[in-house]
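Asker:
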Amino acid sequence: MLKLRAMLEEPDTPAQVLRVLRRLSMAPLTIHLNNSTEMLEFMVSLSTDDTVQAAVLAGVEEAAEVATLAARVVSVWEAQLVDERKQREASARHAGRQKADAESGKAKKKPKDPSCRACQGQHRAHTCM
7 MLKLRAMLEE PDTPAQVLRV LRRLSMAPLT IHLNNSTEML EFMVSLSTDD TVQAAVLAGV
67 EEAAEVATLA ARVVSVWEAQ LVDERKQREA SARHAGRQKA DAESGKAKKK PKDPSCRACQ
127 GQHRAHTCM
């Protein structure tokens with residue numbers, strides 16, 4: 007990801023920028039990856055860059071494609087990060103409920119089987135499992 011970012015920071019040609027953006031459009035972005043590379047912020051700055059916007063207004067076809075593709079990558083990545091945050095919050099809530107149930111003694115216990123001697127407290131191996 008950092009190599010792709012370096013290629014975007016100092017591109018050789020507009021075609022190279024488009025190739026890199028196409029590769030990035032297929033790459034998922036996680037919270038950890040974004041925190042370590044700050045790619046989302048970089049892509050936002052690229053899509054709103056004055057040079058790119060001026061080229062778009064001037065009618066340069068490749069600039070319009072770069073701006074469109076960068077905006078699409080930003081949109082997809084933002085949605086991925088929102089989904090990941092929601093999943094983390096849901097799993098944290100679930101873990102919190104399990105911990106609270108265990109502490110309060112409400113943990114699910116297996117009901118006693120009346121035909122199993124081990125369940126009835128007799129010293130036998132469990133046969134009801």
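Numbered by this note's numbering, the letters in the sequence shown go through residues 7 to 135 in order.
In this text, a Cβ means the ideal position worked out from N, Cα and C, and glycines have one as well.
Treat the numbers as computed from the prediction; the structure is a model and nothing was measured.
1. Which value, in whole angstroms, describes the spacing of the CA atoms of Arg11 and Leu75?
2. Would you tell me roughly how many angstroms separate the C-alpha atoms of Thr54 and Arg78, rounded to the nearest one?
3. Give a yes or no on whether 7 angstroms exceeds the smallest Cβ distance from Ala106 to chain D.
4. The alpha helix (DSSP H) spanning Met7 covers which residue range?
Answerer: This is what the structure gives:
1. The sequence position of residue 11 within the sequence shown is 5, counting from 1. The sequence position of residue 75 within the sequence shown is 69, counting from 1. Looking at the two C-alpha atoms, the distance is approximately 15 angstroms.
2. In the sequence shown, residue 54 corresponds to position 48, counting from 1. In the sequence shown, residue 78 corresponds to position 72, counting from 1. So the two alpha carbons sit approximately 13 angstroms from each other.
3. Looking for chain D here will not work: only one protein chain is present.
4. For the purposes of this step, residue 7 is taken as the residue at position 1 of the sequence shown. Counting along the chain, Met7 falls outside any alpha helix (DSSP H), and DSSP gives it neither H nor E.
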